[in-house]
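Asks:
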Amino acid sequence: MNAVEEDLLQRFKGRVFGRFRKLLTVSDPKYMMAVSRGCFTLKDAFVVDTFETASECIAYLRENKHPAQPFLAADSLTPKRRWIFRLGCMGPLFFVMS
Numbered sequence: 001m002n003a004v005e006e007d008l009l010q011r012f013k014g015r016v017f018g019r020f021r022k023l024l025t026v027s028d029p030k031y032m033m034a035v036s037r038g039c040f041t042l043k044d045a046f047v048v049d050t051f052e053t054a055s056e057c058i059a060y061l062r063e064n065k066h067p068a069q070p071f072l073a074a075d076s077l078t079p080k081r082r083w084i085f086r087l088g089c090m091g092p093l094f095f096v097m098s
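Mapping of the sequence shown onto full-length UniProt numbering: residues 1 to 98, in sequence order.
1) Exposed or buried, what is Leu77 when buried is set at 16 or more other beta-carbons lying within 10 Å of its beta-carbon?
2) For Leu72, list the residues DSSP reports as bridge partners.
3) Hey, out of Gly14, Lys13, Phe12, Arg19, whose CA is closest to Asn2's CA?
4) Kindly indicate which residue of Ala54, Glu6, Val35 has the alpha-carbon position closest to the one of Leu72.
5) Spell out the partners DSSP gives Lys13 in its beta bridges.
6) Using a Cβ-Cβ cutoff of less than 7 Å, which residues in the same chain neighbour residue 103 once the five nearest sequence positions on both sides are dropped?
7) Determine the closest residue to Arg37 out of Val47, Arg21, Glu52, with distance taken between C-alpha atoms.
8) How long is the line joining the alpha carbons of Lys43 and Lys65, rounded to whole angstroms?
9) Nearest to Ala45 by alpha carbon, out of Thr25, Asp28, Val26, Ala68?
10) Where does Pro67 fall in DSSP's three states?
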C-alpha cells in the first residue's frame, strides 16, 4: 500500500473502499485471465461510495500535491441491462466486464 492509498483510506474512512484490484476476487482460477483483461483499465481505480466522495478525494489530492488517481463511484454505475442483477452476486462483476 502506498502513501496516497493509505492517506485516502484514513481521511475518507468508510467512503473510500480501496483499489479495485484489491477488492476483486475471482472464485475460479480459470476466469482470472478474462477478469484481468476485462478490468485492466479499472484495476488501479479507487472504489468510492458516491460521485461526491470522488470529487472530494480529487480536491484533496490536488491540495496536497499528490499525483492524479482514477476513481470509480459505486452510485454512478447504472447497468445497461437490468437482467444482470438477477444473476445475484455475479451480476455486478458481469456488468463491470461488459
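Virtual Cβ for every residue (Gly too), placed ideally from N, Cα, C.
Replies: This is what the structure holds:
1) For the purposes of this step, residue 77 is identified with residue 77 of the sequence shown, where counting begins at 1. With fewer than 16 Cβ atoms within 10 Å of its Cβ, Leu77 is classed as exposed.
2) Along the sequence shown, read from residue 1 onward, the residue named residue 72 stands at position 72. According to DSSP, which records beta bridges pairwise, Leu72 is partnered with Val47.
3) Position 2 of the sequence shown holds residue 2. For Asn2, the nearest C-alpha among the options comes from Arg19.
4) Indexing the sequence shown from 1 puts residue 72 at position 72. Selected option, being the one with the closest Cα: Ala54.
5) In the sequence shown, residue 13 corresponds to position 13, counting from 1. In DSSP, Lys13 forms a bridge with Val16.
6) Look at the range of the chain in this structure, 1 to 98, and you will see that residue 103 is not part of it.
7) Within the sequence shown, numbered from 1, the residue matching residue 37 stands at position 37. The candidate whose alpha carbon is nearest that of Arg37 is Arg21.
8) Residue numbering aside, residue 43 sits at position 43 when the sequence shown is read from its first letter. Residue numbering aside, residue 65 sits at position 65 when the sequence shown is read from its first letter. Computed Cα separation, rounded: 23 Å.
9) Taking the first residue of the sequence shown as position 1, residue 45 is located at position 45. Among Thr25, Asp28, Val26, Ala68, the Cα nearest to that of Ala45 is on Ala68.
10) In the sequence shown, counting from the first residue as 1, residue 67 sits at position 67. The answer is coil: DSSP assigns Pro67 none of H, G, I, E or B.
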